[in-house]
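Peer 1: Got a structure here, written out as structure tokens. Questions coming.
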Amino acid sequence: MTPMDRTMRTRAVFAGVTGVLYIVLGCFQMLAGLGLRGAWSEMLYLNGGAMDGFVLIIVGTVMVQGYRELRQGLHEGVAFVYIGILLALFFAIVELSSIGASYLGAWTIGGDYAGYNALDILSPALYLSPLPLAGLLAWRHGFTLHPRGAQGNGTKDLNNVNGGLL
Amino acid sequence: MVVMSVASTDDELPLLRLDEVQPGRRVKVVHLKGRGRLRRRLLAMGMVPGAIVEVLRKAPLDDPVEYRVKGTDYSIRRRDAHMVEVRFMED
Amino acid sequence: MPHKGGMHWHYRARRRERHHEEHRLRIALAGNPNVGKTSLFNALTGARQHVGNWPGVTVDKKVGTRRHRGHLLEFIDLPGTYSLTANSIDEIITRDYIIEEAPDVVIHVVDATNMGRNLYLTTQLMTTGARLVMALNMFDVSEARGDCIDLEKLEEFLEIPVVPTSASKRTGMDRLLDEIVEEADREYHHHHMVGYGDELERRISVLVETLDQDPGISEKYPLRWMSVKLLEGDENVLERLSGSSVEEPVRALLTDADHEEIEVEMAERRYEVIDTILGQALVRCQLRVTPSDYVDRVLTHKWLGIPIFLAMMWGAFTLTFTVSIPFSAMIDAAFAHLSGWISENVASEWLGSLLADGIISGVGFVLIFVPPIFVLFLLLAILEDTGYLARAAFNMDRIMANLGLHGKSFIPMLMGFGCNVPAILSTRSIEDRKDRFITILVNPFMSCGARLPVFVLLAGAFFGAAAGTAIFGIYILGILVAILTAKLLRSTLLRGEPAPFIMEMPRYHLPSTKLVLSHTWERTRMYMRKAGTVILLGAIIVWFMASLPWGVEYGSEDSVAGMIGKLLEPLVAPLGFDWRIVVALLFGFIAKELVAGTLGVLFGGGEGGGSLVKGLTDPSSGLNAASAAGLMAFTLLYTPCLATVGVIWKETGSIRWTAFSVVYSLVLAWLVAFLFYRAGLALGWG
């Protein structure tokens, strides 16, 4: 067991906690999407469908995999954490865009969206998104994924070339 | 002589096919089996005898496999990779 | 030269006479796929074109011009190739152009980050005797990652002018142009060439001497190149000798040649030379693990790779359909408004009707689908430009192989969801003829964007809350039919094993906003141009057929359209369709968008969505959920639209395969629709 250095420990804890949250809420969302709704699903704002749940589970699993690898001392595990963050944000954007589109539709051509309030459209992908967003902001420089042997020098250039991750 | 000793240990290592090599290993191409287009394609991408091939990773369903040859990465199906005879590198 | 590769100087006077039209130079761009060849072409000519990561995206011959120092330079973008064998259409196009059209200069575009592989093509281009200028592209990237390329050494070894460029940053263009002009004006040109060792060189020189006896051959082809190809057993080159006086002696010289062995030996020699050159001219920063490797550990992960792919596809399709809805609705409203205004304000009744019911609603109907198509193309372009699509093919290849399809078939299939025309064009990178034909023939079953409106309309009218599921089911049906058809063709008419599938995996890129947007815009514009031409024409034809003979009620049984529909009605009666459906499907052959448009005219009287749904569900329509399901299946499967049929014809080069596609899909559509209708009735959907 290689001891993790401190920066990796933070990422590992972040990935573990975020990942578990995404998986648990993903499972709930999937059940709700399949029709098992009740007071509990209202409370957790599970407004999406089964596929929304599936996607949350995938994101969570990617994060947890990152946690597991970092725990084993595998430095490469950060890739799972970072890509997990990007996937989480991508699906949050998907949800946000759908909501934006609904509002735009209601505003321009007057659909039946009058009854909307912010809580009706909240979903796990959205209210969990501050976590990955914080991760992205905190480690934005890490998204270059320094190749082995190239740490320290030339990092700035690598940011600009195709070495960068998304 | 360095060259001599490398050559002799090389010969002692067993021959195997590229599709049998696990990800993470590096091998040296010994011989290309088979004929025709596949062989031509493999040659063009640098799978010539003596070339070093790095096995990068398997696809999720185990096939194809990604290899690095001369600095470029390729996805090759197992049955095609089977046509390449290789030998482990000492490293 | 002190190295073991064995190279020798090669001088040759210009083989072909110069083009004496004043200073007009033809310049071809050749290079491996994914080296930025098309970007360089754009930077040189200023043309807007598409650049992606899928190997072989540049399939068409693109031409652009530019003036430089009193010369008119005409650039031709050749397909990306790894070598100049007769392996694929791309390679044949490239080598035929270089050998037979004899451009004044060939710009050999080389990826500076990847010289080992790229120089293989250099060795092949050199043998053709073409005048070469090397554009060492992505030079900035290679410098940034710490490579050091000794340009002078490289020029000295290759005896080719080498210009470092960066197509994306547009640097090095002026020097490249200078070198091109200079190379074209040079009296002699000389290249180093690969020496193949005594034994092979002896064979080559005997062949060269023999070939030289026929002036018809020696004037047309570079003899050393030809001899090398003959020794490699290149059938395509051997065919060119047919009818020549030297054919027999050449065949005699080749009888004892073991082509396979010779090929390996030559390739080995070429790489020996390349390794020698690179050993001296390149100090590489050795990255054994690249950032791409990190990303791929996740995106091609054993358990997570495919779920991530599915999740991304779901996200892309969700984005496509939700984001575009309000924009489509706005376009719809605007055109309804315009159409209403015209019918009120145009004095002449027939002209008003032609404009409002025919042209405006027809074209408006197409433009409604511009937003979803734009978003879908945008997302595909981003995935393509980052390099993710190659990973998607990598992840899914095993499944494709089990279906008897080619790994490279995956992208055309995916593109088919947008439009089958570019999808079929993109099959050109598939090397094997049978693989390619199967991919082409099953592509129309991938439900393109134009068919979606029909599904939305019918599912919305007849399946209510289950509309989404119904549409999803139709897409799945299309995929299933494609799979079964592929299997069927593979085991009957196009029997055989799929060709080897070797795909380059490009490194991940940060997508370039400009490229992605211009690529997306290009494809969307293609769709809109279709709206402005084919569909406009279609709308006018539909209007006339629905209005003639003069005085009949618009689109009624007595109109020309109605009469044709009536004539063919018995054929589709078993499917629960009446003459109006026949008319809609008939027009749908011009463009599938017209199916929904015509249904709108015939069932709704062109009065807008609400009444159309009423018109469809009204008992007088003769439609019910069962026949609607049948109609959706029929629309999905029947004869591809005119443009697609045209492309199938062009790409297969065979009228018989085109006819096969037309008839097969028509018969299949009828059978499946019948099955759906009967099953629906049995389930009580009637």
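In order, the protein sequence lines correspond to chains G, L and W. Residues are numbered in my numbering as their position in the first sequence, beginning at 1, plus a constant of 19. Residues are numbered in my numbering as their position in the second sequence, beginning at 1, plus a constant of 1. Residues are numbered in my numbering as their position in the third sequence, beginning at 1, plus a constant of 1043. Ideal Cβ positions, reconstructed from N, Cα and C, are used throughout, including at glycine. Bear in mind that the values here come from a model prediction, so they are computed numbers and not experimental data.
1. Please list the segments of the alpha helix (DSSP H) lying wholly inside the stretch 1312 to 1395 of chain W, counting only runs of 4 or more residues, in order along the chain.
2. Which two residues bound the contiguous alpha helix (DSSP H) that contains W:G1511?
3. In whole angstroms, what is the alpha-carbon distance linking W:T1208 and W:A1178?
4. Could you pull out every unbroken beta strand (DSSP E) segment of at least 3 residues lying fully inside the stretch 1177 to 1258 of chain W, listed in chain order?
5. Using only alpha-carbon positions, find the residue among W:L1724, W:E1311, W:I1135, W:F1453 that is nearest to L:V31.
6. Under 8 Å between C-beta atoms, does W:L1362 make it to chain G?
7. Compute the Euclidean distance between the alpha carbons of L:L14 and L:F89, then round it to the nearest angstrom.
8. Would you call W:W1593 buried or exposed, if buried means 16 or more other Cβ atoms sit within 10 Å of its Cβ?
9. So who's on the other strand from W:F1118, going by DSSP bridges?
10. Which residue spans inside the stretch 1127 to 1151 of chain W form an unbroken alpha helix (DSSP H) run of at least 4?
11. Using only the alpha-carbon positions, how far apart do W:G1383 and W:G1405 sit?
12. Report buried or exposed for G:W126, applying the criterion of at least 16 other Cβ atoms within 10 angstroms of its Cβ.
13. W:A1525 to W:S1490, Cα distance in whole Å?
14. For G:P143, count neighbouring C-beta atoms within 10 Å of its own C-beta (all shown protein chains included) and say buried if the count is 16 or more, exposed if not.
15. Below 8 Å on C-beta distance, what does W:Y1125 contact in chain G?
16. With three or more C-beta pairs closer than 8 Å as the rule, is the stretch 44 to 61 of chain L touching the stretch 1160 to 1170 of chain W?
17. Using a Cβ cut-off of 7 Å, pull out every chain W residue sitting near L:D20, in sequence order please.
18. For W:A1702 and W:V1626, what's the separation of their Cα atoms in angstroms?
19. Identify the continuous alpha helix (DSSP H) that holds W:L1614 and give its terminal residues.
20. When we look at the beta-carbon of W:A1436 and count the other beta-carbons within 10 Å, is it buried (16 or more) or exposed?
21. Of all the options L:R69, L:V28, L:R38, L:S76, which has the alpha carbon lying nearest to the alpha carbon of L:G51?
22. Quick one: Cα of G:V36 to Cα of G:Q91, how far?
23. Residues of chain L with CB under 9 Å from W:T1743, in chain order?
24. Within the same chain, show all residues whose beta-carbon is closer than 6 Å to that of W:M1309, passing over the 5 residues directly before and after it, in chain order.
25. Any C-beta of chain G sitting closer than 8 Å to the C-beta of W:T1556?
26. Where does L:V56 land, buried or exposed, given buried means 16+ other C-beta within 10 angstroms?
27. DSSP three-state label for L:R88, please.
28. Taking the beta carbon of W:L1419 as the centre, do at least 16 other beta carbons fall within 10 Å, making it buried, or is it exposed?
29. Can you tell me which residues form a DSSP beta bridge with L:T73?
30. Should L:S76 go down as buried or exposed, given a rule of 16 or more other Cβ atoms within 10 Å for buried?
31. At least one CB of chain L closer than 8 Å to the CB of W:I1349: is that the case?
32. Could you tell me whether the Cβ of W:F1544 comes closer than 8 Å to any Cβ of chain L?
33. Counting only Cβ-Cβ distances shorter than 7 Å, please list the residues of the stretch 1160 to 1174 of chain W near chain L, keeping chain order.
34. Just verifying my parser: in three-state terms, what is the DSSP assignment at W:M1571?
35. Does the beta-carbon of W:T1127 have 16 or more other beta-carbons within 10 angstroms, so that it is buried, or is it exposed?
36. Please check the pair W:V1149 and W:A1073, which I expect to be a contact at CB under 8 Å, by giving their CB distance rounded to whole angstroms.
Peer 2: In this structure, then:
1. Complete alpha helix (DSSP H) runs here, min 4: 1334 to 1342, 1348 to 1388.
2. As a working mapping, residue 1511 of chain W is identified with position 468 in the third sequence. Counted as a single uninterrupted DSSP element, the alpha helix (DSSP H) harbouring W:G1511 occupies residues 1510 to 1534.
3. Here residue 1208 of chain W refers to the residue found at position 165 of the third sequence. Here residue 1178 of chain W refers to the residue found at position 135 of the third sequence. The alpha-carbon atoms of W:T1208 and W:A1178 are separated by roughly 6 Å.
4. 1205 to 1207, 1231 to 1237
5. Against the second sequence, residue 31 of chain L aligns to sequence position 30. Among W:L1724, W:E1311, W:I1135, W:F1453, the Cα nearest to that of L:V31 belongs to W:E1311.
6. Sequence index remark: in the third sequence, residue 1362 of chain W carries index 319 (1-based). Chain G contact via Cβ: present.
7. Start at 1 with the first residue of the second sequence, and residue 14 of chain L comes out as number 13. Start at 1 with the first residue of the second sequence, and residue 89 of chain L comes out as number 88. Those two C-alpha atoms are separated by around 7 Å.
8. Residue 1593 of chain W sits at position 550 when you count from the first residue of the third sequence. Its Cβ having fewer than 16 others within 10 Å, W:W1593 is exposed.
9. Residue mapping note: residue 1118 of chain W aligns to position 75 of the third sequence, counting from 1. Per DSSP, W:I1070, W:G1107.
10. 1132 to 1139
11. In the third sequence, the residue the question calls residue 1383 of chain W occupies position 340. In the third sequence, the residue the question calls residue 1405 of chain W occupies position 362. Going from the Cα of W:G1383 to the Cα of W:G1405 covers about 14 Å.
12. In the first sequence, counting from the first residue as 1, residue 126 of chain G sits at position 107. So G:W126 ends up on the exposed side.
13. To locate residue 1525 of chain W, count along the third sequence from 1; it is residue 482. To locate residue 1490 of chain W, count along the third sequence from 1; it is residue 447. Approximately 10 Å between the Cα atoms of the pair.
14. Locating residue 143 of chain G in the first sequence gives position 124, counting from the first residue. G:P143 comes out buried.
15. Stepping through the third sequence from its first residue, residue 1125 of chain W is reached at position 82. Neighbours of W:Y1125 in chain G, taken as residues at a C-beta separation under 8 Å, are lacking, since the least C-beta distance is about 20 Å.
16. yes
17. As a first step, residue 20 of chain L must be located in the second sequence, where it is residue number 19. Chain W residues near L:D20: none, gap ~13 Å exceeds 7 Å.
18. Looking up residue 1702 of chain W in the third sequence gives position 659. Looking up residue 1626 of chain W in the third sequence gives position 583. C-alpha separation (whole angstroms): 22 Å.
19. Within the third sequence, numbered from 1, the residue matching residue 1614 of chain W stands at position 571. 1603 to 1615 is the extent of the alpha helix (DSSP H) around W:L1614.
20. Numbered from 1 along the third sequence, position 393 holds the residue referred to as residue 1436 of chain W. Flag for W:A1436 reads buried.
21. Within the second sequence, residue 51 of chain L is the residue found at index 50, counting from 1. Here the closest residue by C-alpha is L:V28.
22. One-based indexing of the first sequence puts residue 36 of chain G at position 17. One-based indexing of the first sequence puts residue 91 of chain G at position 72. Roughly 17 Å between the two C-alpha positions.
23. Not covered by the structure: residue 1743 of chain W. The range shown for chain W is 1044 to 1729.
24. For the purposes of this step, residue 1309 of chain W is identified with residue 266 of the third sequence, where counting begins at 1. Hits under 6 Å: Y1239.
25. Mapped onto the third sequence, residue 1556 of chain W falls at position 513. No, its Cβ sits nowhere closer than 8 Å to a Cβ of chain G.
26. Start at 1 with the first residue of the second sequence, and residue 56 of chain L comes out as number 55. That one is buried.
27. As a first step, residue 88 of chain L must be located in the second sequence, where it is residue number 87. Of the three classes helix, strand and coil, the one that applies to L:R88 here is strand, per DSSP.
28. Here residue 1419 of chain W refers to the residue found at position 376 when the third sequence is read from its first residue. W:L1419 is buried by the Cβ-count criterion.
29. Here the question's residue 73 of chain L lines up with position 72 in the second sequence. L:V70.
30. The count along the second sequence starts at 1 and reaches residue 76 of chain L at position 75. L:S76 comes out buried.
31. Walking along the third sequence from the start, residue 1349 of chain W turns up at place 306. So, interface residue.
32. Here the question's residue 1544 of chain W lines up with position 501 in the third sequence. Yes, W:F1544 lies at the interface with chain L (some Cβ there is under 8 Å from its Cβ).
33. The residues in question are R1160, Y1163.
34. By 1-based counting over the third sequence, the position of residue 1571 of chain W is 528. Here W:M1571 carries a helix assignment [DSSP, helix/strand/coil].
35. If you number the third sequence from 1, residue 1127 of chain W lands on position 84. Contrary to the premise, residue 1127 of chain W reads as Leu rather than Thr in this sequence. The residue in question, W:L1127, is buried, as its Cβ has 16 or more Cβ neighbours within 10 Å.
36. Translated into positions along the third sequence, residue 1149 of chain W becomes position 106. Translated into positions along the third sequence, residue 1073 of chain W becomes position 30. The Cβ separation is near 5 Å, so the contact holds.
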